[in-house]
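Under the UniProt record's numbering, think of the first position of the sequence shown as 1, with each following residue one higher.
Yeah, the Cβ is synthetic: ideal placement off N, Cα and C, and Gly gets one too.
Reviewing the structure listed below.
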Amino acid sequence: MALPTPNVTPCRPLSNATNIDPASRVGFATAALPTPPQDVGCKRRIAQPDDTPSKRPRVVTAQNTEDDVDMGGVEVVNSRTRRQTMFNLLRTASFRSPIGPTRTIRTSILYISCCVCFRSRVHSHPVPSRRILQSFVSSHKSDVYTCHSLSDSHFVTPPYACAYSNAAKRNSTPFLAVATEEGSVMILNTSKRHDWEFGNYLHAHPSIQMTDGFIFVESQRTLFQPHYNGIFDIKWNLDDSILATASGDKRTHITSVETHQVIQVLQGHSSTVKCIAWNPSHPDLLSTGSRDGNIYLWDLRVTANDGNSGTSENASPLRPVTAIDAAHGQEKNKGERRKTMHLPRSVTGLLYSNPDTLVSCGSFDGILNMWDLRQPKVSATGKRTKKPPPMAPACTSPTDPTMLHGARRARGLMALCAGSGPTSGLLFALGADNYIHAYDSSSLTHVESITHPNMLSSFYVRLASSPCGRWLASGCMAKNGSLFLYDVSNVGRLSSAVPPTTAVELRGQTGEVGAVDWATDMIASCADDRTVRVWRPDPDAYQDCIAHPEERAWEWSWSTGVYPS
Numbered sequence: 001m002a003l004p005t006p007n008v009t010p011c012r013p014l015s016n017a018t019n020i021d022p023a024s025r026v027g028f029a030t031a032a033l034p035t036p037p038q039d040v041g042c043k044r045r046i047a048q049p050d051d052t053p054s055k056r057p058r059v060v061t062a063q064n065t066e067d068d069v070d071m072g073g074v075e076v077v078n079s080r081t082r083r084q085t086m087f088n089l090l091r092t093a094s095f096r097s098p099i100g101p102t103r104t105i106r107t108s109i110l111y112i113s114c115c116v117c118f119r120s121r122v123h124s125h126p127v128p129s130r131r132i133l134q135s136f137v138s139s140h141k142s143d144v145y146t147c148h149s150l151s152d153s154h155f156v157t158p159p160y161a162c163a164y165s166n167a168a169k170r171n172s173t174p175f176l177a178v179a180t181e182e183g184s185v186m187i188l189n190t191s192k193r194h195d196w197e198f199g200n201y202l203h204a205h206p207s208i209q210m211t212d213g214f215i216f217v218e219s220q221r222t223l224f225q226p227h228y229n230g231i232f233d234i235k236w237n238l239d240d241s242i243l244a245t246a247s248g249d250k251r252t253h254i255t256s257v258e259t260h261q262v263i264q265v266l267q268g269h270s271s272t273v274k275c276i277a278w279n280p281s282h283p284d285l286l287s288t289g290s291r292d293g294n295i296y297l298w299d300l301r302v303t304a305n306d307g308n309s310g311t312s313e314n315a316s317p318l319r320p321v322t323a324i325d326a327a328h329g330q331e332k333n334k335g336e337r338r339k340t341m342h343l344p345r346s347v348t349g350l351l352y353s354n355p356d357t358l359v360s361c362g363s364f365d366g367i368l369n370m371w372d373l374r375q376p377k378v379s380a381t382g383k384r385t386k387k388p389p390p391m392a393p394a395c396t397s398p399t400d401p402t403m404l405h406g407a408r409r410a411r412g413l414m415a416l417c418a419g420s421g422p423t424s425g426l427l428f429a430l431g432a433d434n435y436i437h438a439y440d441s442s443s444l445t446h447v448e449s450i451t452h453p454n455m456l457s458s459f460y461v462r463l464a465s466s467p468c469g470r471w472l473a474s475g476c477m478a479k480n481g482s483l484f485l486y487d488v489s490n491v492g493r494l495s496s497a498v499p500p501t502t503a504v505e506l507r508g509q510t511g512e513v514g515a516v517d518w519a520t521d522m523i524a525s526c527a528d529d530r531t532v533r534v535w536r537p538d539p540d541a542y543q544d545c546i547a548h549p550e551e552r553a554w555e556w557s558w559s560t561g562v563y564p565s
């Protein structure tokens, strides 16, 4: 095929310098200032031939004045450090916007922004979350759960312990296990629902007649009874398939969540079992602490002495594989001749700092003990003895923080939890001195103590850390049903710009608030009034309660004060 015949008139030759048509050149960005518009005069007057040469202009330093200098058409762009973080923008938008249909979306974004823990580029510490803590509210209509009794003698029973499932802490369905005084366990779905749920319920059940004014509908709850004595601690295993319950009957029961049947019984303590901790890397290993002062380690794969696995009421109970006797006891002085029996010092808190290390606290003082589970202590002489020597802690707190606030004697620790996220590397313990003490997780050194003026602790008050690691929640022994939230994201930071720790008091129940636990977007509290109350961050509802406190008191409970104010 032949090439097309060119036009008679040839094209214009291109420029030699750029090899493009000079008329079609496009301007490119340069380092010089932009050219002023044609209709704007130059800043400096052009000298005429008959003008007298002017003197050299004097250089004057720039000063802050109210007179604006005519810059002509020159645009100056100043780059500055971003001082508004995404967290601040979300917080401002959430609290300044009117009440509308987007309340749930803004609340969720607000909580997620807190959990991600954005940091300002100007400051090296997390942004305070005081307004988020203040926005926690609880509805009287849809956030209160009554603890029903299985006994024929009474209708309700007080809750002693509660725990959200591990999946609930990862933003899944919030299943809450509640243990009661009579030894029963309830599993509640605490998902947020509409108040009273009139329309949906009546539409699905048209045969039901509304005669009593209100119908309260909640998700189907599960109720079973693994013990016939009070349960003081309850914990989910790693995959949320079984529950471990510590009871006043000196036993720990392993119960299937699906069948509600006790599959194993752990027996060995001589007094009430107070606390449980699952090994974070192995689903069959757990530890228990008791009022007898001992810590026992259990392996669910071990069979009982009679060969039965302990999976029924008639099976022989399992025995511990490792025992730490008198974990927080004090040996008798050599010069002491009295033959009195020393009372055991209760073990009140347990947690695994890593799969091979266990940390415990006791009711006698504010000292934490760290136990290396891989290397038990042996006799110094290397000889075998009839009774093995007691295991010694690998690390102990060098100071007792309960003695740092004017106390004449040491006070015990009631609960223990570990930090995460911005508080990784910290352990928090609730003391009988009404303080929450922070420790370094590696050396167990005391870091800082925080409190609230209305805070009162007791042997049954618990402590819990939020999934994002920024907040703590603790109950209170006061009769007004107080729950305290703390922003601990800046605990232990040495910068002078770090704001003080914020503490918020929530009131919505009656009597002592003991057990507390967190899930994503919510926190549950158990009180002596036989109820479990769920609190959620809702800035719009909180602002409405502040604006109309007398009217909203019939529908909501909210924060009563912030410390420091």
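- DSSP lists F136 as the bridge partner or partners of P537.
- Cβ contact annotation for T190 (same chain, cutoff 7 Å, sequence separation greater than five): P174, L176, M522, A524, V534, in chain order.
- In the DSSP assignment, E551 falls within the unbroken alpha helix (DSSP H) covering 549-552.
- If only uninterrupted beta strand (DSSP E) runs of at least 3 residues are considered, those enclosed by the UniProt repeat "WD" (266-301) are 273-278, 285-290, 295-299.
- Of the residues S139, T348, D284, the one whose Cα lies closest to the Cα of V321 is D284.
- Less than 9 Å divides the Cβ of G366 from the Cβ of G431.
- Cβ-Cβ distances below 7 Å link D433 to T402, H405, A407, R411 in the same chain, with the five nearest sequence neighbours on each side left out; the list follows chain order.
- In the structure shown, M370 falls within a strand segment according to DSSP collapsed to helix, strand and coil.
- A straight line joining the alpha-carbon of H194 with that of A503 spans about 29 Å.
- Rounded to the nearest angstrom, the Cβ distance from T255 to I276 is 12 Å, too far for a contact under 8 Å.
- Closest option to A418, judged by alpha-carbon separation, among Y439, Y164, L297: Y439.
- Spanning the alpha carbons of V491 and V347 requires a straight line of approximately 26 Å.
- Going by beta carbons, A415 and C361 fall inside the 9 Å limit.
- For A519, the closest of V156, S153, I295, A167 by C-alpha to C-alpha distance is A167.
- The three-state secondary structure of M403, taken from DSSP, is helix.
- According to the DSSP secondary-structure assignment, A519 is paired through a beta bridge with M522.
- Residue environment: L343 is assigned as exposed (fewer than 16 neighbouring CB atoms within 10 Å of its CB, all protein chains considered).
- Within the model, the alpha-carbon separation for E258 versus S219 is close to 17 Å.
- Under DSSP, N354 forms a beta bridge with T357.
- DSSP places C147 outside both helix and strand once states are collapsed to three, so it counts as coil.
- Close CB contacts of K250 within its chain, under the 8 Å cut and outside five residues either way in sequence, are with Q267, H269, S270, S271, T272, V273, S290 (chain order).
- Contact check for C476 and V488: beta-carbon distance about 17 Å, past the 8 Å limit, so the pair fails to qualify.
- When only Cα atoms are considered, D356 and D239 end up about 20 Å apart.
- About 19 Å separates the Cβ atoms of C162 and V137, ruling out a contact at the 8 Å cut-off.
- In this structure W278 is buried. Its beta-carbon is surrounded by 16 or more other beta-carbon atoms within 10 angstroms.
- With respect to the C-alpha of A473, the residue from C526, A541, L444 having the closest C-alpha is C526.
- Cβ-Cβ distances below 7 Å link R507 to N480, G481, S482, S557, T560 in the same chain, with the five nearest sequence neighbours on each side left out; the list follows chain order.
- With a beta-carbon spacing of about 6 Å, P500 and P564 fall inside the 8 Å limit used to define contacts.
- DSSP places E182 outside any beta strand (DSSP E), giving it a letter other than H or E.
- Here N354 is not near T396, since their CB atoms are 9 Å or more apart.
- When the beta-carbon positions are compared, Y296 and I324 come within less than 9 Å of each other.
- Residue range 222-224 is occupied by the beta strand (DSSP E) that includes T222.
- A distance below 9 Å separates the beta carbons of Y160 and A515.
- If you draw a straight line from the Cα of E550 to the Cα of Q134, it is about 18 Å long.
- In this model, K141 and E555 are separated by some 7 Å (Cα to Cα).
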